[in-house]
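Trainee:
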Amino acid sequence: MKAKSPLSVRLLYWFATIGFYLMISIQILVIVLFVGRAAGVVPINDLQLRVQLPMKFDVEEQGAVHYGGNVHLVYLEEASSKIYFVDTPDFVSNFGIVSMLVAITLFVVMLHKFRAILGNVRVKQVFVHANIKHLKTLAYLLVAFWLFTVGYMYFAFYWIHDKVGFETVQMTNNLGLNGYSWMLFTALVIWILAQIFGYGVQLKEESDLTI
Amino acid sequence: MGIVVNLDVVLAKRKMSLTELSERVGITMSNLSILKKGKAKAIRFSTLESICTVLECQPGDILEYQDNQD
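Those protein sequences? They're chains A and B, same order as listed. Under this note's numbering, the first sequence has 1413 at position 41, and the numbering climbs by one with no breaks. Under this note's numbering, the second sequence has 77 at position 69, and the numbering climbs by one with no breaks.
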């Protein structure tokens, strides 16, 4: 009797499959929305698109920290926030939809690769050339996702910085991109994993062809 | 050419089939086929010993080195 793969692998595979088809559905919805807007089917005035653009603001707020029976005064100097457009300008709507489409597409392909690796592991095909290819593609896609995120953030940041003004708070020049460096680190780890898998495939082939 | 496997020659001399060798040595037919076709990357001493015992031959009868320039 053929041994079953571990439950964790099977669960991960099914979660990845559900996530994959869910993301494809969202992708189709976004495309329909984009085409609908372009065709004038979706009224622009009714579309209150929420474009999340994380920004840091200079604020002056005093607070208190209660610790060890003492009260310590603190000042809030900087805070992150998100912009919510009520009557979204056309340009922002299109920019938001296209960005969402690119991000979802990249994510769908990454999920597809992840699912393919899990599918191979599920049928005990671990050290095979296909997995190396999938892992490498996953690493490159993650780098592409990082590049896209950084580009999107830069563009959105300077656009908002230039065009949007608030009465009581001041926007800082701190874009805060360090928070996204985990993508590059993860891509590097996956790429190294692909190299290790390459060595594993070589060893397995030698083992299989040793009589 | 490198290392050439002359298993088929020795088998023919002993008038033994690959199936019989497989049964007597205890190696699967697919593994013996890999060895016979010269696709094997390595051969264990224990496997070589078993084959030589069954075929009553020397390792040199089965394996031969041929220069690449030949």
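C-beta: ideal position from N, C-alpha, C; glycine also. Quantities reported herein were computed from a predicted structural model and do not represent experimental measurements.
Would you check if the segment 1387-1396 of chain A and the segment 1472-1484 of chain A touch, i.e. whether three or more CB-CB distances between them fall below 8 Å?
Mentor: These segments touch.
Trainee: Output the boundary residues of the alpha helix (DSSP H) element that contains I11 of chain B.
Mentor: I11 of chain B -> not in any alpha helix (DSSP H); beta strand (DSSP E) instead, spanning G10 to V13.
Trainee: By DSSP's criteria, N1442 of chain A is part of a beta bridge. Which residues make up the other side?
Mentor: Its beta-bridge partners are A:Y1439.
Trainee: What's the C-alpha gap between V12 of chain B and K45 of chain B?
Mentor: Their Cα atoms are separated by approximately 9 Å.
Trainee: For chain B, check one thing: does any of its Cβ atoms lie closer than 8 Å to the Cβ of A1575 of chain A?
Mentor: Reading off the sequence shown, one finds Leu at residue 1575 of chain A, where the question assumed Ala. It does not; no Cβ of chain B falls within 8 Å.
Trainee: Can you name the start and end residues of the alpha helix (DSSP H) that Q1574 of chain A belongs to?
Mentor: Q1574 of chain A -> alpha helix (DSSP H) spans S1553 to D1580.
Trainee: At what residues does the beta strand (DSSP E) containing E4 of chain B begin and finish?
Mentor: Residue 4 of chain B is absent from the structure shown; chain B starts at 9 and stops at 78.
Trainee: Please list, in chain order, all residues of the same chain as D1418 of chain A whose beta carbon is under 8 Å from its beta carbon, the five residues on each side excluded.
Mentor: Low per-residue confidence applies at D1418 of chain A: pLDDT is 48, beneath 50, and the placement is therefore not dependable, though the value from the model is reported in the following sentence. Counting only Cβ-Cβ distances below 8 Å, and skipping sequence neighbours, we find nothing.
Trainee: What residues match up with Q74 of chain B in a beta bridge as DSSP calls it?
Mentor: Answer is B:G10.
Trainee: In chain order, what residues of the same chain have a beta carbon less than 8 Å from the beta carbon of K23 of chain B, not counting five sequence neighbours either side?
Mentor: Once the five neighbours on either side are set aside, K23 of chain B has no close Cβ partner at all.
Trainee: Three or more C-beta pairs closer than 8 Å, one from the segment 20-37 of chain B and one from the segment 1565-1575 of chain A: is that the case here?
Mentor: The segment 20-37 of chain B is not in contact with the segment 1565-1575 of chain A.
Trainee: Cβ of L1581 of chain A less than 8 Å from any chain B Cβ?
Mentor: True, the Cβ-Cβ gap to chain B drops below 8 Å.
Trainee: Can you look up D1418 of chain A in the DSSP assignment and give me helix, strand or coil?
Mentor: Reliability fails at D1418 of chain A, whose pLDDT of 48 lies under 50, so the model's placement of it is uncertain and no value is given.
Trainee: Kindly list the residues whose CB is nearer than 7 Å to the CB of F1520 of chain A, restricted to its own chain and excluding five residues on each side of it in sequence; keep chain order.
Mentor: Excluding positions up to five away in sequence, the list reads V1474, A1475 and L1478.
Trainee: Determine whether the beta carbon atoms of L1322 of chain A and V1381 of chain A lie at a separation below 8 Å.
Mentor: Because chain A here runs from 1373 to 1583, residue 1322 of chain A falls outside it and cannot be looked at.
Trainee: Of the residues A:P1461, A:L1510 and A:V1536, which one's Cα is nearest the Cα of V1480 of chain A?
Mentor: Closest by alpha carbon: A:L1510.
Trainee: On the DSSP letters alone, give me the boundaries of the alpha helix (DSSP H) that Q1497 of chain A sits inside.
Mentor: Element bounds for Q1497 of chain A: n/a, residue is neither H nor E.
Trainee: For Q1434 of chain A, write down the residues that DSSP places opposite it in a beta bridge.
Mentor: Partner(s): A:Y1447.
Trainee: Is the CB-CB distance between N14 of chain B and I1583 of chain A below 8 Å?
Mentor: No, Cβ-Cβ distance for N14 of chain B and I1583 of chain A is not below 8 Å.
Trainee: Relative to the C-alpha of T61 of chain B, which candidate in B:A20, B:R32 and B:M37 has its C-alpha closest?
Mentor: Per the Cα distances, B:R32.
Trainee: For A50 of chain B, which of helix, strand or coil comes out of DSSP?
Mentor: DSSP places A50 of chain B in strand when its eight states are reduced to three.
Trainee: Quick check: the Cα distance between K1376 of chain A and I1390 of chain A, rounded to an integer number of angstroms?
Mentor: So the two alpha carbons sit approximately 21 Å from each other.
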